[in-house]
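Asks: Residue numbers for the sequence shown follow this note's numbering, beginning at 102 and rising by one.
Below is the structure I would like to discuss, written out as structure tokens.
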Amino acid sequence: ALDLSKNIPENSVDYVLTDPPYGGLIQYFSLSSLWAIWLKHNNPKFEIPYQDEITIENRKDFERYHQLLTKALREIYKVLKPGHYLTLTFHNREINVWNSVIKAGAYSGFVFEKILYQPNKRASEAGVAMPYGSAISDYYLRFKKPEKAGVSDHQKMGKEEYERIVVKAAKDIIALRGEPTEMTFILNGIYTELFSTGKFFEGSHEDIVNILKDNIGKEFVLIENKGGKLGPKWWLKNPEDMLFKQVPLSDRVEKVVIDMLRGNIKVTFDEILQKLFITFPNGLTPDTKGVIEVLKEYATTTGDGRWRYKPEVNHRDSEHSEMIYYLSEIGKKSGYKVWIGSKEQGDNFRNEKLSKYCTESNLGLAGFSGDELRRIAMIDVLWYEGPSIKFIFEVENSTSITSAIERASHIPEEYEVKRFIVIPEERQRMLERKMNEPMFQEGYNKYKWQTIHYDALKDFYNLHKGSKSLERNGLNKLK
């Protein structure tokens, strides 16, 4: 493939379907050494050109792999007719290898259009060896050779415009992900953005990295990436200026994984990746390492290489309404009016709608706009006195904890409201992990949130179940 245009006329091929090396998963030349010896029978001078193999191994680093892959795709670009398509079938769970393929196509002149998922009828060797953490299906990456190359457009763009596009794209990607992000994911999104503007070829990989580095302290700050192998994470210097506030990508990924576990008796790692890659394309592509961490937290492995929702986690899901009921009863005994979230009021506990346990049919609070009041009404449990909120409770057993913090932010600090997150004991580690996210940490600390565990709340309720009234500071014993 490295000298394709020497044997095939340029702009003569209607369609190309190829299966390039998957990083270093399989050493094709090494495996073919034995049978390739027979080729010497007709050509004594024949030697396998190991130096031209597009792979990653000890004697070829990743940069060399990317260079050879780019060269091969440029050869394909030359022989393919304008307006026609190249399809790459690909199989690798490493994000840097995915990025390399997409970048190689872009550097070669192709327009990257979409990823198509194709399940295999037979599991690959890698999939058989690592069934709980390996993709065992292929993905088809579709590229198009444009009718006209945009070289003249690229030449018209100045350095300042190019830098502006790169910085803005990086900021948008970080904002869309809603969390500190490793460089490799930022670059993936920048390539896509530059491509869409028709200005991809104006700079190299190193140019883009240097532009971003020059803006550290101006637009970006670096955050230590504990245990990460891809360098520090990048975050916005002024996140409050973001035009769109997003739930962190890790939360969105976690929700997709949980929904798949809940909706299926058993699910393969490959099926989860399929859903995630389609749901979160380009700069939003999640790290597969994080996916495996989520699976280990919520699921258990089965004997046939699949994942199943943990029974104890499934049981915790059913306790959400139970915790809200306990809080409503404790609030009333403490002398407060009680409001249950507008969404939760339709849920059942002991064959009764939770709306039954509200003391008022309408939430009467002063000092809030209609939109603010609507969002406040979605908080799981409120204890209030007259027109003033005294306590906020968000009962969470999954990733919606971030949304809970955001909902309650509509109540200003000066109101001196006590705020509690109610979570299962086993989710404490998740809460501590989320404290590494700047936006979550800022909101949690700024509004002085406290934590109550499910079992502690249940014990407190049972201890005072027969009491007609409670001291208002009784919950302090649960902290």
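All C-beta atoms, glycine included, are put in the ideal place defined by N, C-alpha and C.
(1) According to DSSP, simplified to helix, strand and coil, what is F286?
(2) Mapping DSSP to helix, strand and coil, what is K613?
(3) Measure from the alpha carbon of P110 to the alpha carbon of each residue in F244, E176 and L277, then state which is nearest.
(4) At the level of alpha carbons, what is the spacing between N339 and N112?
(5) Is the beta carbon of V358 sitting closer than 8 Å to the one on V392?
(6) So K438 packs on E372, CB below 8 Å; how close in whole Å?
(7) Enumerate in chain order the residues of its own chain whose CB-to-CB distance from V518 is below 6 Å, with the five nearest sequence positions on each side excluded.
(8) Please check if any C-beta of chain C sits within less than 8 Å of the C-beta of R534.
(9) Could you round the C-beta distance between F286 and G384 to whole angstroms and report it? I think they count as a contact, below 8 Å.
(10) Grouping DSSP H, G and I as helix and E and B as strand, with all else coil, what is H511?
(11) Applying the 10 Å Cβ sphere with the 16-neighbour rule, what's the burial state of Y516?
(12) Whole angstroms are fine: how far does the CA of D115 sit from the CA of I477?
(13) Mind checking who K438 pairs with in its DSSP beta bridge?
(14) In terms of residues, what are the limits of the beta strand (DSSP E) holding L571?
(15) Considering only the alpha carbon of each residue, which of E325, E430, W440 and E320 lies closest to E341?
(16) Does DSSP put D448 in a helix, a strand or coil?
(17) Around the C-beta of R265, are 16 or more other C-beta atoms found within 10 angstroms, so that it is buried, or is it exposed?
(18) Taking the alpha-carbon positions, what's the S253 to K260 distance?
(19) What residue does the alpha helix (DSSP H) around F561 start on, and which one ends it?
(20) Near I309, which residues of its chain fall below 7 Å by C-beta distance, leaving aside the five closest residues on each side in sequence?
(21) Mark A467 as exposed unless 16 or more other C-beta atoms lie within 10 angstroms of its C-beta, in which case mark it buried.
(22) Is W336 closer than 8 Å to P539 when the C-beta atoms are compared?
(23) Quick one: Cα of K376 to Cα of P333, how far?
(24) Mind checking who F244 pairs with in its DSSP beta bridge?
(25) Would E430 pass as a contact of Y562 if the rule is Cβ separation under 8 Å?
(26) For K222, which residues in the same chain have their Cβ closer than 8 Å to its Cβ, ignoring the five residues on either side in sequence?
(27) For I506, which option in G436, Y426 and Y545 has the closest C-alpha, if you only look at C-alpha atoms?
(28) Buried or exposed, going by whether 16 or more other CB atoms sit within 10 Å of the CB of G406?
(29) Under the rule that 16 or more other beta-carbon atoms within 10 Å means buried, what is E497, buried or exposed?
(30) From which residue to which residue does the alpha helix (DSSP H) around Y410 run?
(31) If you reduce the DSSP assignment to three classes, tell me which class M540 lands in.
(32) Taking the straight line between their C-alpha atoms, what separation do you get for P281 and A509?
(33) Using 8 Å as the threshold, is the C-beta distance between P349 and T190 below it?
(34) Taking 8 Å as the threshold (C-beta atoms), are R520 and P555 in contact?
(35) Figure out for me which residue from E543, Q551, N452 and D472 has the closest Cα to the Cα of E495.
(36) Once DSSP output is grouped into helix, strand and coil, what is the label at I324?
Replies: Reading it off the structure:
(1) Here residue 286 refers to the residue found at position 185 when the sequence shown is read from its first residue. Residue state, collapsed to three classes: helix.
(2) As displayed, the chain neither begins before 102 nor continues past 580, which places residue 613 out of reach and without an answer.
(3) Start at 1 with the first residue of the sequence shown, and residue 110 comes out as number 9. With distances taken between Cα atoms, P110 lies closest to E176.
(4) Counting from 1 along the sequence shown, the entry for residue 339 is found at position 238. Counting from 1 along the sequence shown, the entry for residue 112 is found at position 11. The straight-line gap separating the alpha-carbon atoms of N339 and N112 is approximately 49 Å.
(5) Counted from its first residue, the sequence shown places residue 358 at position 257. Counted from its first residue, the sequence shown places residue 392 at position 291. Taking 8 Å as the Cβ cut-off, V358 and V392 qualify as a contacting pair.
(6) As a first step, residue 438 is located in the sequence shown; it is residue number 337 there, counting from the start. As a first step, residue 372 is located in the sequence shown; it is residue number 271 there, counting from the start. K438 to E372, Cβ: 47 Å. No contact.
(7) For the purposes of this step, residue 518 is taken as residue 417 along the sequence shown, with counting starting at 1. Excluding sequence neighbours, V518 sits near I490, I493 and I512.
(8) No chain C is part of this structure, which consists of one protein chain only.
(9) Along the sequence shown, read from residue 1 onward, the residue named residue 286 stands at position 185. Along the sequence shown, read from residue 1 onward, the residue named residue 384 stands at position 283. So it is a contact: roughly 6 Å between Cβ atoms.
(10) On the sequence shown, residue 511 is found 410 positions in, with the first residue counted as 1. Residue state, collapsed to three classes: coil.
(11) Walking along the sequence shown from the start, residue 516 turns up at place 415. Per the 10 Å Cβ criterion, exposed.
(12) Along the sequence shown, one-based indexing puts residue 477 at 376. Along the sequence shown, one-based indexing puts residue 115 at 14. Cα to Cα, the separation comes out at about 59 Å.
(13) Position 337 of the sequence shown holds residue 438. K438 pairs with Y485.
(14) The residue labelled residue 571 in the question sits at position 470 within the sequence shown. Here L571 belongs to no beta strand (DSSP E), and DSSP marks it neither H nor E.
(15) Here residue 341 refers to the residue found at position 240 when the sequence shown is read from its first residue. For E341, the nearest C-alpha among the options comes from E320.
(16) For the purposes of this step, residue 448 is taken as the residue at position 347 of the sequence shown. The answer is coil: DSSP assigns D448 none of H, G, I, E or B.
(17) Residue 265 sits at position 164 when you count from the first residue of the sequence shown. So R265 ends up on the exposed side.
(18) Counting from 1 along the sequence shown, the entry for residue 253 is found at position 152. Counting from 1 along the sequence shown, the entry for residue 260 is found at position 159. With a pLDDT of 37 at S253, under the threshold of 50, the predicted position of this residue should be treated as unreliable, though the coordinate-derived value follows. Taking the straight line joining both Cα atoms gives about 15 Å.
(19) Along the sequence shown, read from residue 1 onward, the residue named residue 561 stands at position 460. Counting along the chain, the alpha helix (DSSP H) containing F561 begins and ends at Y555 to L564.
(20) Stepping through the sequence shown from its first residue, residue 309 is reached at position 208. So the list reads V267, L288 and I291, once near-sequence residues are dropped.
(21) Here residue 467 is taken as the residue at index 366 of the sequence shown, counted from 1. With fewer than 16 other Cβ atoms within 10 Å, it is exposed.
(22) Locating residue 539 in the sequence shown gives position 438, where the first residue counts as 1. Locating residue 336 in the sequence shown gives position 235, where the first residue counts as 1. Yes, these two residues count as a Cβ contact at 8 Å.
(23) In the sequence shown, residue 376 corresponds to position 275, counting from 1. In the sequence shown, residue 333 corresponds to position 232, counting from 1. Those two C-alpha atoms are separated by around 28 Å.
(24) On the sequence shown, position 143 is the one that residue 244 refers to. In DSSP, F244 forms a bridge with L187 and F213.
(25) Within the sequence shown, numbered from 1, the residue matching residue 430 stands at position 329. Within the sequence shown, numbered from 1, the residue matching residue 562 stands at position 461. Yes, the pair counts as a contact, with Cβ atoms nearer than the cut-off.
(26) The count along the sequence shown starts at 1 and reaches residue 222 at position 121. Confidence at K222 is low in this model, with a pLDDT of 46, below 50, so the placement of that residue should be treated as unreliable; the coordinate-derived value is given next. Once the five neighbours on either side are set aside, K222 has no close Cβ partner at all.
(27) Taking the sequence shown and counting its residues from 1, the one referred to as residue 506 is at position 405. Closest option to I506, Cα to Cα, is Y545.
(28) The residue you call residue 406 lines up with position 305 of the sequence shown. When all chains shown are included, G406 counts as buried.
(29) On the sequence shown, residue 497 is found 396 positions in, with the first residue counted as 1. Its Cβ being crowded by 16 or more others within 10 Å, E497 is buried.
(30) Against the sequence shown, residue 410 aligns to sequence position 309. It is not in any alpha helix (DSSP H) - Y410 instead sits in the beta strand (DSSP E) that spans W408 to Y410.
(31) For this step, residue 540 is matched to residue 439 along the sequence shown. Three-state DSSP puts M540 in a helix.
(32) In the sequence shown, residue 281 corresponds to position 180, counting from 1. In the sequence shown, residue 509 corresponds to position 408, counting from 1. Going by the C-alpha atoms only, they are around 23 Å apart.
(33) Walking along the sequence shown from the start, residue 349 turns up at place 248. Walking along the sequence shown from the start, residue 190 turns up at place 89. No, the pair does not count as a contact, with Cβ atoms beyond the cut-off.
(34) Your numbering for residue 555 matches position 454 in the sequence shown. Your numbering for residue 520 matches position 419 in the sequence shown. Reading off the sequence shown, one finds Tyr at residue 555, where the question assumed Pro. In this structure, R520 does not lie closer than 8 Å to Y555 by Cβ.
(35) Stepping through the sequence shown from its first residue, residue 495 is reached at position 394. The shortest C-alpha separation from E495 is found at Q551.
(36) Sequence index remark: in the sequence shown, residue 324 carries index 223 (1-based). In the three-state DSSP reduction, I324 falls in the strand class (E or B).
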